[in-house]
Structures are given as C-alpha cells and as structure tokens.
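Comments concern the structure below.
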Amino acid sequence: MGRILIDRERCNGCELCIITCPYKLIYLSREINTKGYHVACFNGEEERCVGDAMCAEMCPQVAIKVYR
Numbered sequence: 283m284g285r286i287l288i289d290r291e292r293c294n295g296c297e298l299c300i301i302t303c304p305y306k307l308i309y310l311s312r313e314i315n316t317k318g319y320h321v322a323c324f325n326g327e328e329e330r331c332v333g334d335a336m337c338a339e340m341c342p343q344v345a346i347k348v349y350r
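Residue numbers (the numbering used here): 283 to 350.
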C-alpha cells in the first residue's frame, strides 16, 4: 500500500507520471496551477498503489513523493 503526494506548483503537466504508472492511479486534473499548467493528481486508491516510485523517478520537475 502506497501513497503519492504531488506538488501542484512544481508540476508542469508533462504526463510522464501518468504514462509510467502501471496501475493508472494518476490523472491530469482540470485544475491549473499558478504557472498555468494542468496538474497531475493521485486518484487516492492507496490500496492499489504498490509504492514502486516509478512515477517519481520519471518526473522531470521532482514534484512527486511516494510513501510506502
């Protein structure tokens, strides 16, 4: 069981975390940050997240923290 926290102000909406997550637990929100980017969001299904941190490793903005 894992949990993902995404820093919305660092996220630039590149979608690399979305593509990387094998469980499809991250989606692109309609919300925008102060820089004008649509931000990635964790869907909250902590029981399905294995905490592999693949999303965090792919994030070029270092906007994702993974907790196990």
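Just so it is clear, CB atoms sit at the ideal spot from N, CA and C, and this is done for glycine as well.
Residue ranges of each alpha helix (DSSP H) within the region 289–348, 4 or longer:
298–302, 336–340
Is the beta carbon of I308 closer than 7 Å to that of I300?
yes
Sort N325, T316, E327 by Cα distance to R290 and report the nearest one.
T316
If you run the structure through DSSP and keep just helix, strand and coil, what is R350?
coil
Expressed to the nearest angstrom, what Euclidean distance is found between the alpha-carbon atoms of H320 and E297?
10 Å
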